[in-house]
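Protein chains: 2
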Amino acid sequence: MDQSAEIICVGTELLLGEVLNSNAQYLAQELARLGIAHYYQTVVGDNPTRLKRAIAIACQRSQLLIFTGGLGPTPDDLTTETLADFFQTPLVEHPEILADIARKFAHRRQKPSPSNSKQALLPATAAILPNAIGSAPGMIWQPRSGITILTFPGVPQELYPMWQEVAVPYLQKQGWVSAMIYSRVLRFWGLPESTLADQVAPLFSLSDPTVAPYASGGEARLRISTRTTSAALALEKIRPVEEEIRRRTGSSCFGIDDDTLESVVGQLLLAQEQTVAVAESCTGGGLGERLTRISGSSAYFLGSVIAYDNHVKQSLLQVDPEVLAAQGAVSSAVAEQMAMGVKAQLGSTWGLSITGLAGPSGATAEKPIGLVYVGIAGPHSVESFKYAIAPLRGRDWVRQLSASYALDLLRRQLLSAR
Amino acid sequence: MDQSAEIICVGTELLLGEVLNSNAQYLAQELARLGIAHYYQTVVGDNPTRLKRAIAIACQRSQLLIFTGGLGPTPDDLTTETLADFFQTPLVEHPEILADIARKFAHRRQKPSPSNSKQALLPATAAILPNAIGSAPGMIWQPRSGITILTFPGVPQELYPMWQEVAVPYLQKQGWVSAMIYSRVLRFWGLPESTLADQVAPLFSLSDPTVAPYASGGEARLRISTRTTSAALALEKIRPVEEEIRRRTGSSCFGIDDDTLESVVGQLLLAQEQTVAVAESCTGGGLGERLTRISGSSAYFLGSVIAYDNHVKQSLLQVDPEVLAAQGAVSSAVAEQMAMGVKAQLGSTWGLSITGLAGPSGATAEKPIGLVYVGIAGPHSVESFKYAIAPLRGRDWVRQLSASYALDLLRRQLLSAR
Numbered sequence: 001m002d003q004s005a006e007i008i009c010v011g012t013e014l015l016l017g018e019v020l021n022s023n024a025q026y027l028a029q030e031l032a033r034l035g036i037a038h039y040y041q042t043v044v045g046d047n048p049t050r051l052k053r054a055i056a057i058a059c060q061r062s063q064l065l066i067f068t069g070g071l072g073p074t075p076d077d078l079t080t081e082t083l084a085d086f087f088q089t090p091l092v093e094h095p096e097i098l099a100d101i102a103r104k105f106a107h108r109r110q111k112p113s114p115s116n117s118k119q120a121l122l123p124a125t126a127a128i129l130p131n132a133i134g135s136a137p138g139m140i141w142q143p144r145s146g147i148t149i150l151t152f153p154g155v156p157q158e159l160y161p162m163w164q165e166v167a168v169p170y171l172q173k174q175g176w177v178s179a180m181i182y183s184r185v186l187r188f189w190g191l192p193e194s195t196l197a198d199q200v201a202p203l204f205s206l207s208d209p210t211v212a213p214y215a216s217g218g219e220a221r222l223r224i225s226t227r228t229t230s231a232a233l234a235l236e237k238i239r240p241v242e243e244e245i246r247r248r249t250g251s252s253c254f255g256i257d258d259d260t261l262e263s264v265v266g267q268l269l270l271a272q273e274q275t276v277a278v279a280e281s282c283t284g285g286g287l288g289e290r291l292t293r294i295s296g297s298s299a300y301f302l303g304s305v306i307a308y309d310n311h312v313k314q315s316l317l318q319v320d321p322e323v324l325a326a327q328g329a330v331s332s333a334v335a336e337q338m339a340m341g342v343k344a345q346l347g348s349t350w351g352l353s354i355t356g357l358a359g360p361s362g363a364t365a366e367k368p369i370g371l372v373y374v375g376i377a378g379p380h381s382v383e384s385f386k387y388a389i390a391p392l393r394g395r396d397w398v399r400q401l402s403a404s405y406a407l408d409l410l411r412r413q414l415l416s417a418r
Numbered sequence: 001m002d003q004s005a006e007i008i009c010v011g012t013e014l015l016l017g018e019v020l021n022s023n024a025q026y027l028a029q030e031l032a033r034l035g036i037a038h039y040y041q042t043v044v045g046d047n048p049t050r051l052k053r054a055i056a057i058a059c060q061r062s063q064l065l066i067f068t069g070g071l072g073p074t075p076d077d078l079t080t081e082t083l084a085d086f087f088q089t090p091l092v093e094h095p096e097i098l099a100d101i102a103r104k105f106a107h108r109r110q111k112p113s114p115s116n117s118k119q120a121l122l123p124a125t126a127a128i129l130p131n132a133i134g135s136a137p138g139m140i141w142q143p144r145s146g147i148t149i150l151t152f153p154g155v156p157q158e159l160y161p162m163w164q165e166v167a168v169p170y171l172q173k174q175g176w177v178s179a180m181i182y183s184r185v186l187r188f189w190g191l192p193e194s195t196l197a198d199q200v201a202p203l204f205s206l207s208d209p210t211v212a213p214y215a216s217g218g219e220a221r222l223r224i225s226t227r228t229t230s231a232a233l234a235l236e237k238i239r240p241v242e243e244e245i246r247r248r249t250g251s252s253c254f255g256i257d258d259d260t261l262e263s264v265v266g267q268l269l270l271a272q273e274q275t276v277a278v279a280e281s282c283t284g285g286g287l288g289e290r291l292t293r294i295s296g297s298s299a300y301f302l303g304s305v306i307a308y309d310n311h312v313k314q315s316l317l318q319v320d321p322e323v324l325a326a327q328g329a330v331s332s333a334v335a336e337q338m339a340m341g342v343k344a345q346l347g348s349t350w351g352l353s354i355t356g357l358a359g360p361s362g363a364t365a366e367k368p369i370g371l372v373y374v375g376i377a378g379p380h381s382v383e384s385f386k387y388a389i390a391p392l393r394g395r396d397w398v399r400q401l402s403a404s405y406a407l408d409l410l411r412r413q414l415l416s417a418r
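Read top to bottom, the protein sequences are chains A and B. Per this note's numbering, residue 1 is the first one in the first sequence, and the count goes up by one each step. Per this note's numbering, residue 1 is the first one in the second sequence, and the count goes up by one each step.
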């Protein structure tokens, strides 16, 4: 028989739109990864009558019912008792839950309130689904043949480990998981999604693994996915396709999965024992902020001069006032002088600079919003590059993309110096 | 009779978790604002059999059915035809939709594909719900007495204006909207949510307008809400409560609704014709990035020195090497010298500095992760403040909070100088 899961999110805050339902997306991704069919999601408020109606409908069309929310200590948290009532099963108090709650409160030097005791009640035939972080445990319950129920608190930070550490192994043991989807994402900078798609077009017709393109934040990505029984087998299938993509796309591929431009630049600088300093104008500090997101960046990032005001470009970066006057702050010459200036001032191997028009005001006939110059001064030379970023998506977009272009330039120079 | 709405989101991409269901949250917020009851949300894939089952269930429990998704030109977009089929109503081609689609494609110098013609089909008794942006219109349809159907494309940027400009006026005209919820959010920095709650405790028992607390990103907020028939009436009710809250909380309230610490600081600097320069260490540029998010910030933000490396603290900020050696980079004395140094170097009215331990590595017995000093040098004095930020939420959290503390310090000094 076709077995499928249904996600049922309980909470009036969802019906009022106060909370974005990220739990549904997380669980949906997980069910897809585990290869468990999933055809419906339901959201219902903290109302026992309507929750019972939702349970009745779910039991008719789904076999695995995954509940989130309604496990808290307050009177409007009633997922557990409504499920018990629907399946006419008495609630039983679990002293070990009470003890666990008391321990967690003691750790915070607090005492549980009388209302917490209700969180120790579970239907007589249900098992505890332990919650390592919060006070509310969930449950694993087969109230009748052919129906499996899992309940989770609505707090995502509590739900995630409960799902990964308890629910996934349980579902594997129960035979819900035959083969899982494994995937690797290749990340690209410096070419549009359509160009990338052209370069790897023949691979889109592969059936196992599949290759699918998508774009996010100016970055193009390719996801290589396969459904199989182990990570090792998956890697065997994914590796040759990844190699073929890398052969076709060259240095545009900057990393995989959780890599970022700043993490990859950091690894290259570390490996080559080099340092970078930054001179920013329109990004206002955003490039330095990106570089220092990486823990340990102090090994290669020396600092920045943010020269928002033109006087600062002269005093701290030694930009020639005549060049500033003749060519303007947003120019190739100023970008190069900023990069050289910060490299000299801070004594770094590399100087990286950004000067541009983030908008929305400040455009002229020759210099539209979105015009950005990135300068890069290295051990042997200084260069600058001009970018025309579409201004429609606003000031923040222009600034973010500028920082990414600068990081990618440094990445490519570090790669070619290897 | 109790009339209520149901949101039905159609799309296999939702069941695969590829898309976060922000449309459901948006529509839920809107229904709450309009005072329309809403008890269920359903997500279902691009499958006509299961979609019909979802329609049948929704018709039994809800009177206003709001669909998102499945209006595109591809074969798996089948919301319109499935609804027509369910209510046994023939589809009719609307030449004006075809003409509109052709016009939109011509504007992009493209031609519609044959598959776009299917977007011109609507059930015979339905009205067009026009889409100003994309090719797919929605519909407004009463397929039978007591059931109203609205359909929208899944693309949020298309859905929002269709909802605001067509659906809301329609629902008002049809008597779905008797009174709307109006609210104002007061935003606070520098006091925990629990302290804020204590200060305004008596106001939580008000019934109209209501006052409710919530917290987000280290910031405490109070929402004042009232349900009434006009914005003017709402303001009359909200104003005295806002004044009472401001009286009780003083300068902790930094703004309302879309205000941010950086926008408020910018307004104060502009009004007082003063300037600021920034010296950052652990935030790596994040404070400057915050200040320059505001368009027009070049009028008061001169620039920053990001002194990640201690040599830069000495060379560009004139921090005394003996003080650095004796007290360490993360110290009150260094924070003050950084603030004075950047003020002197850039010639600003104010110098603002941050030095701290963002982690996860680098802690010592005396200086734990999350220890941050903010220095502020003004026209008459220099001061520093020490913060102990809980490190559990990670490096980015420590850095974000540090920048917010610095902005709030400057805000308070600017306020008291007024």
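All C-beta atoms, glycine included, are put in the ideal place defined by N, C-alpha and C. Here the structure is a predicted model, which means the values were calculated and not measured.
Can you tell me which residues form a DSSP beta bridge with residue i?
i, result
"Cys9 of chain A", "A:Val43 and A:Thr68"
"Leu91 of chain B", "B:Pro123"
"Cys282 of chain B", "DSSP lists no partner for Cys282 of chain B."
"Cys448 of chain B", "Outside the displayed range of chain B (1 to 418) lies residue 448 of chain B, so it cannot be described from this structure."
"His38 of chain A", "A:Ala5"
"Gly394 of chain A", "Answer is none; Gly394 of chain A lacks a bridge partner."
"Ser353 of chain B", "B:Ala279 and B:Gly375"
"Val382 of chain B", "B:Ala377"
"Leu222 of chain A", "A:Leu186 and A:Pro213"
Is DSSP giving residue i helix, strand or coil here?
i, result
"Lys237 of chain B", "helix"
"Gln142 of chain B", "strand"
"Leu20 of chain A", "coil"
"Glu366 of chain B", "coil"
"Glu149 of chain B", "Per the sequence shown, residue 149 of chain B should be read as Ile rather than Glu. Strand, per DSSP."
"Leu261 of chain B", "helix"
"Arg227 of chain B", "strand"
"Ile389 of chain B", "coil"
"Leu268 of chain B", "helix"
"Leu78 of chain A", "coil"
"Ile133 of chain B", "coil"
"Ile294 of chain B", "coil"
Near residue i, which residues of its chain fall below 6 Å by C-beta distance, leaving aside the five closest residues on each side in sequence?
i, result
"Ile495 of chain A", "No information on residue 495 of chain A is available, as it lies outside the stretch 1 to 418 that chain A covers here."
"Cys282 of chain B", "Gly356 and Ala358"
"Ala84 of chain A", "Leu91 and Pro123"
Within the same chain, show all residues whose beta-carbon is closer than 7 Å to that of residue i, passing over the 5 residues directly before and after it, in chain order.
i, result
"Gln199 of chain B", "Arg248 and Thr249"
"Leu159 of chain A", "Asn23, Thr68, Phe152 and Pro153"
"Met1 of chain A", "Because the pLDDT at Met1 of chain A is just 49, under 50, the model does not fix this residue reliably, and the value given afterwards should be weighed accordingly. Within the same chain, Met1 of chain A has no close Cβ partners at all."
"Val319 of chain B", "Lys313, Val334, Gln337, Met338 and Gly341"
What does a CB cutoff of less than 8 Å around residue i pick up in its chain, not counting 5 residues either side in sequence?
i, result
"Cys59 of chain A", "Leu65 and Ile147"
"Thr125 of chain A", "Thr89, Trp141, Gln142 and Pro143"
For residue i, verify whether its CB is less than 7 Å away from any heavy atom of the ligand FAD.
i, result
"Thr68 of chain B", "Within the structure as shown, the ligand FAD is missing, as the structure has no ligands at all."
Would you mind telling me which residues of chain E sit closer than 8 Å to residue i, beta carbon to beta carbon, in chain order?
i, result
"Gln345 of chain B", "Of the chains in the structure shown, none is chain E; the protein chains are A and B."
Checklist entry - Can you list, in chain order, the stretches of the alpha helix (DSSP H) that have 4 or more residues and sit fully within the segment 299 to 344 of chain A? => result Listed in chain order, they are 310 to 317 and 321 to 327.
Item to check | alpha helix (DSSP H) segments (min. 4 residues) lying fully within the segment 165 to 219 of chain A | outcome: Counting only runs that start and end inside the segment 165 to 219 of chain A, the alpha helix (DSSP H) elements of at least 4 residues fall at 168 to 173 and 193 to 199.
Checklist entry - In the segment 44 to 73 of chain B, which residues sit with their C-beta less than 9 Å from some C-beta in chain A, listed in chain order? => result Those would be Val44, Gly45, Asn47, Arg50, Arg53, Ala54, Ile57 and Arg61, in chain order.
Checklist entry - For the segment 203 to 227 of chain A, which residues have a beta carbon sitting closer than 8 Å to at least one beta carbon of chain B? => result Under the 8 Å Cβ criterion, the segment 203 to 227 of chain A contributes no residue.
Item to check | chain A contacts made by the segment 110 to 122 of chain B, where a contact means CB separation under 9 Å | outcome: Taking 9 Å as the cut-off between beta carbons, none of the residues of the segment 110 to 122 of chain B comes near chain A.
Item to check | Members of the segment 354 to 372 of chain B that neighbour chain A once the beta carbon cut-off is set at 9 Å | outcome: When CB distances to chain A are screened at a threshold of 9 Å, the residues of the segment 354 to 372 of chain B falling below it are Ala358, Gly359, Pro360, Ser361 and Gly362, in chain order.
Item to check | the segment 19 to 46 of chain A: positions lying closer than 8 Å to chain B by Cβ | outcome: Against chain B - using a Cβ distance shorter than 8 Å - the residues of the segment 19 to 46 of chain A are Val19, Leu20, Asn21, Ser22, Ala24, Gln25, Tyr26, Leu27, Ala28, Gln29, Glu30, Leu31, Ala32, His38, Tyr39, Tyr40, Gln41, Thr42, Val43, Val44 and Gly45.
Next on the checklist: What are the residues in the segment 293 to 307 of chain A lying within 8 Å of chain B by C-beta distance?
Outcome noted: Near chain B, meaning a CB-to-CB distance below 8 Å, the residues of the segment 293 to 307 of chain A are Arg293, Ser295, Gly296, Ser297, Ser298, Phe301, Leu302, Gly303, Ser304, Val305, Ile306 and Ala307.
Item to check | Residues of the segment 312 to 338 of chain B whose Cβ lies closer than 9 Å to any Cβ of chain A, in chain order | outcome: Hits within the stretch, in order: Val312, Lys313, Ser315 and Leu316.
Next on the checklist: Any C-beta of chain B within less than 9 Å: which residues of the segment 369 to 401 of chain A qualify?
Outcome noted: Residues passing the 9 Å Cβ filter: Arg395, Asp396 and Arg399.
Checklist entry - At a Cβ cut of 9 Å, what residues of the segment 268 to 291 of chain A count as close to chain B, listed as they run along the chain? => result So the list reads Thr275, Ala277, Val278, Glu280, Ser281, Cys282, Thr283, Gly284, Gly285, Gly286, Leu287, Gly288, Glu289, Arg290 and Leu291, given in the order they occur along the chain.
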